[in-house]
Amino acid sequence: MKTTVYTSDKKTHFFQELKAIYRDTRSSSFLAYQMAKRDLQSQYRQSLLGFFWAFAPIITNSLVWIFLNSSGTVNVNAESSIPYIAFVVIGTTLWSIFTESLLIPLNSVNASRSILSKINFPKEALLIAGLYKMLFNLLLKIILIAGILIVYGIRPGYEILFFPFTLFVITVFSCMLGLFFTPIGLIYTDISRLITTAISFIMYITPVVYAVPSKGLFKKFFAINPLTYMFNDARNSLIGQPLENSTFLLIAAVVSFLLMLLGLVIFKKSMPIIIEKIGG
Amino acid sequence: MKNQEKEILVSVQNVSKKFSMDMKSSLKYGALDIIKSTLGIKINKDIRPNEFWAVKDISFELRRGECIGLIGHNGAGKSTLLKVLNGLYAPDKGQIVMRGKIGALIELGAGFNPILTGRENIYNNASILGFTKKEVEDKMDSIIEFSEIEQFIDMPVQNYSSGMKVRLGFAIAAHLEPDILIIDEVLAVGDLGFVLKCFKKIDELLPNTALIFVSHSMPMISRICNQIILMDHGEVKYQGAGISEGIALYYEHFDDMSTATIFENSDITDIEISTDKVCSWGQELKVNLKLKIKNLEKTPSIYFVIKDKEQRGVASFICHESAEVDYNEHTLEYTAIIPKIELSNGTYSVDLGIYKTLFKGPLYRASNLFTFSVRDGIQTWEAFYLEAQWDLKLTGGNRTTD
Chain A
-4 MKTTVYTSDK
6 KTHFFQELKA
16 IYRDTRSSSF
26 LAYQMAKRDL
36 QSQYRQSLLG
46 FFWAFAPIIT
56 NSLVWIFLNS
66 SGTVNVNAES
76 SIPYIAFVVI
86 GTTLWSIFTE
96 SLLIPLNSVN
106 ASRSILSKIN
116 FPKEALLIAG
126 LYKMLFNLLL
136 KIILIAGILI
146 VYGIRPGYEI
156 LFFPFTLFVI
166 TVFSCMLGLF
176 FTPIGLIYTD
186 ISRLITTAIS
196 FIMYITPVVY
206 AVPSKGLFKK
216 FFAINPLTYM
226 FNDARNSLIG
236 QPLENSTFLL
246 IAAVVSFLLM
256 LLGLVIFKKS
266 MPIIIEKIGG
Chain B
97 MKNQEKEILV
107 SVQNVSKKFS
117 MDMKSSLKYG
127 ALDIIKSTLG
137 IKINKDIRPN
147 EFWAVKDISF
157 ELRRGECIGL
167 IGHNGAGKST
177 LLKVLNGLYA
187 PDKGQIVMRG
197 KIGALIELGA
207 GFNPILTGRE
217 NIYNNASILG
227 FTKKEVEDKM
237 DSIIEFSEIE
247 QFIDMPVQNY
257 SSGMKVRLGF
267 AIAAHLEPDI
277 LIIDEVLAVG
287 DLGFVLKCFK
297 KIDELLPNTA
307 LIFVSHSMPM
317 ISRICNQIIL
327 MDHGEVKYQG
337 AGISEGIALY
347 YEHFDDMSTA
357 TIFENSDITD
367 IEISTDKVCS
377 WGQELKVNLK
387 LKIKNLEKTP
397 SIYFVIKDKE
407 QRGVASFICH
417 ESAEVDYNEH
427 TLEYTAIIPK
437 IELSNGTYSV
447 DLGIYKTLFK
457 GPLYRASNLF
467 TFSVRDGIQT
477 WEAFYLEAQW
487 DLKLTGGNRT
497 TD
């Protein structure tokens, strides 16, 4: 029979916790699926335009920059190999994937605040459910990108095979970042405000709506931003150009993944404290 | 399998839990604790400024088939203890060992989404409670049948009444088949029919389950529990198998039995009561009532109601005597003698109603006019301890004893 022990000072080490996380993740796969299904179903059932809203933020953000560029208000430098519209749409789509995965842990836990202090269920399910929802939206976004590529007659080469890998790097990197500020972020709302404010700045030192500047102070900002390399290569893989920083991406993937495991352990260990402080 | 009936499923040893008095220090300590546990620094488990023990030094053991009741006033720490038992909060001191599958009914219908239908929400709630997909599908029909809301099962849950939501929530939880069941005051919303159904289900589960039950309803506690813990400010005030004794102690916490006049009439004045404050079981109780009347054709009817600690009327005595008084001023003196008090030990309060004729033309009503206590009988949860003639026959030996 399964025996559960709750004590004041639980002595566990990193790998025991990892094992527990693996076990809970497996046992809660139905719960995670059901939570994601519930949220998506209810989201679309109360909407007439449905899937349109998955694209809407990307479309509006792209339109702003297309307008700014074509009216001559702002003169952006983009890669000349593809039309600016395609450049912007791909950039903003990637950016929306980044921001969405960054906030998965914080938003998923916050959304189920009310049941956290009432039912004991594996909290990993919240993260997995958030991931499922992100993947569902990702599918829709990929359709948008495919549409743009077709409209502008951009023919991707074999490099497109690297696209899933670049997406994986971006997702793991952002989830890892998100996971680290989640425990404190759940306790103090300042953290999530700080993140949303910071995100809007970071977008301008990432090649989202314009390419890396060729000189000046901003070039240095771009250079120290790891997202620069991820975004450039993700875009390159779509438009048939070779990856420029494949070694960096590989290292980033491995390091992010390992740090994510550490983040998961911290998340799991701090959950009882968080439930006590924020649970309704 | 017979041996399993005796196994200990819940073992709680010296469990304590502290809480912060205010939000600011609560969040500060929370953030500090997270940082400390991340860096592997030992967390101080003693009281820090602005903290108090919400649950202090609770120990008990529970075997399969047993039920423990947690009672106490609001804020006594019952729900906090349940949350520690359920693993939602980590205890600050002590240890809890739970064997088997734990089911907790702290809130029914957790995870319901108002826009989705009842049927879809069965999946949502069941998955949170720990059902597998196959279990939900197998038990779906049985859940819907138990909830008795077949015809609305495909309607959005936001259009359900609170009673219907509780029905659906309990129907799902009842199919959990846990080894340890934790119930926190969740059955209060449904109608009587449903509450009875819930208890029937709990009776069914009980032989195979260790039940931890929190309620403010003493009839429910006395019905299913075989030991209780009375909590007061986080600490144990009574613990043991004497359910009646524990309940009596619980009632002592609420001794506000002040007299309240609900309805008055200027024709009835100067009401005076004199009576025995204490009476012995099986002996008489004498009540003397004096009052002044005017403008009345006949002397009024007197209606006394004896209430127990839960303000539940358990008995009444009524004066049917009446005499013509022709609208003059009079001083009346009524004396009632109840020859034999068969109430069980405890304190009772008495209401008075005065009517022109019985239940017609109310003139005066007061609640808790006086209290009296009964002793020398026995303490039972029930209001009456009746004298009875017993006859015991032993068959086989063909012997009769009186």
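Chains as they are written, first to last, in the numbering used here: chain A, -4 to 275; chain B, 97 to 498. The beta-carbon is built from N, C-alpha and C at its ideal position, and this holds for glycine as well. Given the structure is predicted, the values throughout are model-derived calculations rather than measurements.
- Our two residues, glutamate 12(A) and valine 260(A), have alpha carbons roughly 6 Å apart in a direct line.
- Residue-level contact by beta carbon fails for aspartate 287(B) and chain A, as no gap is shorter than 7 Å.
- Residue burial is scored here from C-beta neighbours: serine 76(A) has fewer than 16 other C-beta atoms within 10 angstroms and is therefore classed as exposed.
- Within the stretch 210 to 232 of chain A, no residue places its CB atom closer than 9 Å to a CB of chain B.
- Residue-level contact check: arginine 195(B) touches chain A, since one or more beta carbons of chain A fall below 7 Å from its beta carbon.
- Counting the other CB atoms within 10 Å of its CB gives threonine 431(B) a total below 16, which places it among the exposed residues.
- Residue contact check for isoleucine 402(B) against chain A: no CB pair falls below 7 Å.
- In the pairwise beta carbon analysis, the stretch 220 to 240 of chain B is classified as not touching the stretch 35 to 44 of chain A: fewer than three pairs are separated by under 8 Å.
- Spanning the alpha carbons of glycine 173(B) and leucine 225(B) requires a straight line of approximately 24 Å.
- Considering only beta carbons, the part of the stretch 95 to 124 of chain A lying closer than 7 Å to chain B consists of Ile110, Ser112, Lys113, Ile114, Asn115 and Phe116, in chain order.
- Aspartate 299(B) carries a helical assignment under DSSP once its states are collapsed to helix, strand and coil.
- About 5 Å separates the beta carbon of asparagine 464(B) from that of threonine 355(B), a gap short enough to meet the 8 Å contact definition.
- Exposed is the label assigned to serine 370(B), since fewer than 16 other Cβ atoms lie within 10 Å of its Cβ.
- Residue burial is scored here from C-beta neighbours: methionine 260(B) has at least 16 other C-beta atoms within 10 angstroms and is therefore classed as buried.
- Of all C-beta pairs linking the stretch 149 to 164 of chain B to the stretch 327 to 338 of chain B, three or more are shorter than 8 Å, placing the two stretches in contact.
- Taking the Cα of proline 100(A) as reference, the smallest distance to any Cα among Ser22(A), Phe175(A), Leu257(A) and Ala247(A) is reached at Phe175(A).
- For asparagine 217(B), the three-state secondary structure derived from DSSP is helix.
- Proline 274(B) is classed as buried because its beta carbon has at least 16 other beta carbons within 10 Å across all chains shown.
- Against chain A, the beta carbon of leucine 454(B) has no neighbour under 8 Å; the closest one sits roughly 51 Å away.
- If you look at leucine 139(A), you'll find it in the alpha helix (DSSP H) that goes 119 to 146.
- Residue pairing of isoleucine 278(B) in beta bridges, as defined by DSSP: Ala200(B) and Ile308(B).
- Classified as exposed, arginine 144(B) has fewer than 16 neighbouring CB atoms from the shown chains inside 10 Å of its CB.
- Counting along the chain, lysine 189(B) sits inside the beta strand (DSSP E) bounded by residues 189 to 195.
- Among the residues of chain B, none has a CB under 9 Å from the CB of tyrosine 127(A); the nearest is roughly 13 Å distant.
- Excluding sequence positions up to five before and after threonine 20(A), its CB lies within less than 6 Å of the CB of Glu119, all in the same chain and listed in chain order.
- Taking 9 Å as the cut-off between beta carbons, the residues of the stretch 152 to 185 of chain B near chain A are Lys179, Val180, Leu181, Asn182, Gly183, Leu184 and Tyr185, in sequence order.
- For aspartate 250(B), the nearest beta carbon of chain A is not closer than 7 Å to its own beta carbon.
- Taking C-beta atoms under 8 Å as the contact rule, glycine 214(B) and methionine 251(B) qualify, at a distance of about 6 Å.
- Under the Cβ distance rule, isoleucine 179(A) counts among the residues neighbouring chain B, one pair being separated by less than 7 Å.
- Each of Val0(A), Lys272(A) and Phe62(A) was checked against the Cα of proline 178(A), and the nearest Cα belongs to Lys272(A).
- Where glycine 258(A) is concerned, the enclosing alpha helix (DSSP H) starts and stops at 241 to 273.
- Residues of the stretch 8 to 29 of chain A with a Cβ closer than 7 Å to any Cβ of chain B, in chain order: Phe25, Leu26 and Gln29.
- When the Cα atoms are used, serine 397(B) and proline 435(B) turn out to be separated by approximately 20 Å.
- Restricting attention to Lys138(B), Thr176(B) and Gly161(B), the CA atom closest to the CA of glutamate 103(B) is found in Gly161(B).
- Put simply, the backbone Cα of methionine 194(B) is about 20 Å away from that of isoleucine 16(A).
- Proximity to isoleucine 402(B) across Gln335(B), Glu425(B), Thr176(B) and Val470(B) peaks at Val470(B), based on C-alpha coordinates.
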